[in-house]
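Down below is the structure, laid out as C-alpha cells.
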Amino acid sequence: MTPQPQCPICEKPHPKKLFDVAEGQLLKCKSCTLVFYSPVPSLSDLLDFYDAEDYRETYHEGSLSGTKSADIRYQQICRYLHRQAPELLYQDRHGQYLDIGCGEGDLLKVFSIQGWEVTGTEISPEAARRAGEDWQRYIQIGDIDSLDFAKGSFDLISMYHILEHLINPVSALAKIVGWLKPGGVLFIETPNWGGLGAILKGRSWSLIIPPEHLTYFNSRSLIHLLRKTGYFRIKAYSSAPQFIQSLARLPVLLRILGWSVYHLSAHVGLGANLQALAFAPVADDQ
Ligand SMILES: [Zn+2]
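Numbering (the numbering used here), first residue to last: 14 to 299.
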C-alpha cells in the first residue's frame with residue numbers, strides 16, 4: 014500500500030490537496046501551512062535531474078548565477094549581519110563561511126575577497142568544475158546527508174534557493190545547526206509562497222516546478238522549521254529579487270509602476286522571496 018503523505022516538517026497526516034502538478038500533487042499542511050510536493054522523488058532521480066545538460070544551462074543563464082548577483086547578495090547579507098550579528102562582521106580574525114549549494118562558487122569568490130575563509134558544497138560535480146581550477150579545492154561535492162564538517166566549524170552558513178530543493182529539510186537543517194559555532198548564523202533565501210506573485214498567479218506561478226522545488230514556504234512555516242531544528246533568535250523577511258525579466262518587456266510607465274509595486278510588496282511580507290536569519294544556540298539558549 015502507498016504510504017499516506019504527511020507534512021515533511023511537522024509530520025501531521027491528511028494534508029489538503031491543492032492541485033495536480035507534474036507527476037504528482039501539491040499538498041498543504043493544515044497545521045504548519047507548508048505546501049509540499051508528493052510523491053517525494055528518490056535522491057538518484059534528483060541527481061540525474063541536476064546533472065542534466067538542460068538544468069545546468071538554465072542555471073548558468075539564470076539570475077541566480079553571476080558575479081554581479083553575488084556582489085549584491087554579499088552586501089545584503091552584510092546589512093543583516095550589521096544589525097543582527099555585528100560581531101561577525103567586525104571581528105579581528107577571519108570568519109569561516111560555508112555556502113551550501115554554491116554552484117559555480119560566485120559567492121565564495123566574493124566572501125574570500127572580503128577576507129572570509131570560504132568553503133562550498135555542491136551536489137553537481139559539473140557546476141563545481143565550472144568554478145575554475147583555483148576554486149574547486151574549496152568545494153566539497155555531495156548533498157547535505159552525505160557531507161560532514163566538524164562540530165562548530167562555521168560563523169556563517171548560507172543557503173540561497175536550496176531549501177526548497179531538499180528531500181528532507183528537517184534532517185538537513187538539524188545537521189547544519191551543528192556545523193555552526195555557538196551563536197553562528199544561518200542565512201536562508203527561498204521563494205515566498207505567501208508573496209504577491211504566488212497569490213496572484215496561483216497554480217501558474219513560475220516557481221511551482223517539481224521535482225526541482227519540493228517545498229514551498231511562507232514566513233510561518235519557515236520559522237516553524239527553524240525552531241523545530243534547533244535555531245534561536247529567528248527573523249524572517251520578504252524581499253524582491255534583483256532582476257525581474259518579465260517587467261523588462263513592458264512600456265516604461267508600466268515598468269516603473271510594476272517595479273514600485275514589486276519592491277513595496279517586499280516591505281509588507283509579500284515579496285517574491287523569503288529570507289531568514291537564524292542563530293545556533295549559545296549556552297544561555299539551552
Ligand atoms: Zn506541517
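Quick reminder that beta carbons are idealized off the backbone N, C-alpha and C, glycines included.
Here the structure is a predicted model, which means the values were calculated and not measured.
*Is any heavy atom in ligand 1 found nearer than 6 Å to the beta carbon of Leu-56?*
Here residue 56 is taken as the residue at index 43 of the sequence shown, counted from 1. No, since every heavy atom of ligand 1 falls outside the 6 Å radius drawn around the Cβ of Leu-56.
*With a cut-off of 8 Å on the beta carbons, I'd call Leu-160 and Thr-134 a contact; round off their distance for me.*
Locating residue 160 in the sequence shown gives position 147, counting from the first residue. Locating residue 134 in the sequence shown gives position 121, counting from the first residue. Contact holds; Cβ gap of about 6 Å.
*Taking 7 Å as the cut-off, decide whether the C-beta atoms of Ile-22 and Leu-283 are in contact.*
For this step, residue 22 is matched to residue 9 along the sequence shown. For this step, residue 283 is matched to residue 270 along the sequence shown. No.
*asked:* Using C-beta distances below 6 Å, list every residue in its chain close to Ala-83, excluding the 5 sequence neighbours before and after it, in chain order.
replied: Residue mapping note: residue 83 aligns to position 70 of the sequence shown, counting from 1. Excluding residues within five positions, the ones whose Cβ falls inside 6 Å are Asp-119, Leu-120 and Val-123.
_Which residues does DSSP list as the beta-bridge partners of Asp-147?_
Taking the sequence shown and counting its residues from 1, one reaches residue 147 at position 134. Note: Asp-147 sits in no beta bridge, so no partner.
*C-alpha distance - Ala-293 paired with Val-198, whole-angstrom precision*: One-based indexing of the sequence shown puts residue 293 at position 280. One-based indexing of the sequence shown puts residue 198 at position 185. Looking at the two C-alpha atoms, the distance is approximately 6 Å.
*Own chain residues within Cβ distance below 8 Å of Ala-296, not counting five before or after*: As a working note, residue 296 is residue 283 in the sequence shown. Same-chain partners within the cutoff: Pro-195.
*asked:* Taking the alpha-carbon of Gly-37 as reference, which of Leu-266, Ile-90, Ser-273 and Glu-225 has the nearest alpha-carbon?
replied: For the purposes of this step, residue 37 is taken as residue 24 along the sequence shown, with counting starting at 1. Minimum Cα distance to Gly-37 is reached at Glu-225.
*If we call anything under 7 Å between Cβ atoms a contact, is Ser-234 one with Cys-20?*
As a working note, residue 234 is residue 221 in the sequence shown. As a working note, residue 20 is residue 7 in the sequence shown. No, they are not a contact pair.
*Beta-bridge partners of Gln-109, as assigned by DSSP*: Residue mapping note: residue 109 aligns to position 96 of the sequence shown, counting from 1. Gln-109 is bridged to Glu-130.
*Can you pull the DSSP bridge partners for Ala-249?*
Looking up residue 249 in the sequence shown gives position 236. Paired residue(s): Ala-289.
*Does the Cβ of Lys-241 lie closer than 6 Å to at least one heavy atom of ligand 1?*
What you label residue 241 is simply residue 228 of the sequence shown in a count that begins at 1. No, ligand 1 has no heavy atom inside 6 Å of this Cβ.
*When Cys-91, Tyr-244 and Tyr-50 are compared against Ala-187, the one with the closest alpha-carbon*: Translated into positions along the sequence shown, residue 187 becomes position 174. Per the Cα distances, Tyr-244.
*Among His-178, Pro-264 and Ala-185, which residue has its Cα nearest to the Cα of Leu-60?*
Taking the sequence shown and counting its residues from 1, the one referred to as residue 60 is at position 47. Leu-60 has its Cα closest to that of His-178, out of His-178, Pro-264 and Ala-185.
_Thr-80, enclosing alpha helix (DSSP H) - first and last residue_ = For the purposes of this step, residue 80 is taken as the residue at position 67 of the sequence shown. That run of the alpha helix (DSSP H) goes 80 to 97.
*Cβ neighbours of Met-14 in the same chain (closer than 6 Å, five flanking residues each side left out)*: If you number the sequence shown from 1, residue 14 lands on position 1. Reliability of the predicted coordinates at Met-14 is poor, the pLDDT of 47 falling under 50, and the value obtained from them is presented with this limitation in mind. No residues qualify anywhere along the chain.
*Which residues does DSSP pair with Glu-117 in a beta bridge?*
Locating residue 117 in the sequence shown gives position 104, counting from the first residue. Answer is none; Glu-117 lacks a bridge partner.
*Using CA coordinates, which residue listed in Pro-223, Asn-205 and Lys-164 is at the minimum distance from Ser-278?*
Along the sequence shown, read from residue 1 onward, the residue named residue 278 stands at position 265. Selected option, being the one with the closest Cα: Asn-205.
*Where does His-27 land, buried or exposed, given buried means 16+ other C-beta within 10 angstroms?*
To locate residue 27, count along the sequence shown from 1; it is residue 14. Exposed, since its Cβ has fewer than 16 Cβ neighbours within 10 Å.
_At the level of alpha carbons, what is the spacing between Gln-109 and Ser-57?_
Position 96 of the sequence shown holds residue 109. Position 44 of the sequence shown holds residue 57. Whole-angstrom Cα-Cα distance: 31 Å.
*Write down the C-beta distance between Ser-166 and Trp-148 rounded to the nearest angstrom, noting that I regard them as a contact closer than 8 Å.*
By one-based count along the sequence shown, residue 166 stands at place 153. By one-based count along the sequence shown, residue 148 stands at place 135. Not quite, the Cβ-Cβ distance comes to about 19 Å (not below 8 Å), so this is no contact.
*Any heavy atom of ligand 1 closer than 6 Å to the Cβ of Ser-44?*
Along the sequence shown, read from residue 1 onward, the residue named residue 44 stands at position 31. Ser-44 Cβ: within cutoff of ligand 1.
_Top-ranked residue by Cα proximity to Ala-140, from Ile-152, Leu-39 and Glu-130_ = Residue 140 sits at position 127 when you count from the first residue of the sequence shown. Ranking the options by Cα distance to Ala-140, first place goes to Ile-152.
_Assuming Ser-51 is part of the beta strand (DSSP E), what are its boundary residues?_
Looking up residue 51 in the sequence shown gives position 38. From DSSP, the beta strand (DSSP E) with Ser-51 extends over 48 to 51.
_Where Asp-156 sits in the DSSP three-state scheme_ = For the purposes of this step, residue 156 is identified with residue 143 of the sequence shown, where counting begins at 1. Asp-156: coil per DSSP, three-state reduction.
*What are the boundary residues of the alpha helix (DSSP H) that includes Ser-234?*
To locate residue 234, count along the sequence shown from 1; it is residue 221. Here the alpha helix (DSSP H) through Ser-234 covers 232 to 241.
*Once you ignore the five residues that flank Thr-242 on each side, which residues in its own chain have a CB closer than 7 Å to its CB?*
Residue 242 sits at position 229 when you count from the first residue of the sequence shown. Answer for Thr-242: Val-183, Leu-186, Ala-187 and Val-190, listed in chain order.
*State yes or no: is the C-beta of Ile-22 nearer than 6 Å to some heavy atom of ligand 2?*
Among the ligands present in this structure, namely ligand 1, ligand 2 is not found.
*asked:* Only counting the same chain, and skipping five residues up and downstream in sequence, which positions put a Cβ closer than 7 Å to that of Gln-97?
replied: Here residue 97 corresponds to residue number 84 of the sequence shown, with the count starting at 1. Cβ within range, chain order: Lys-248 and Leu-290.
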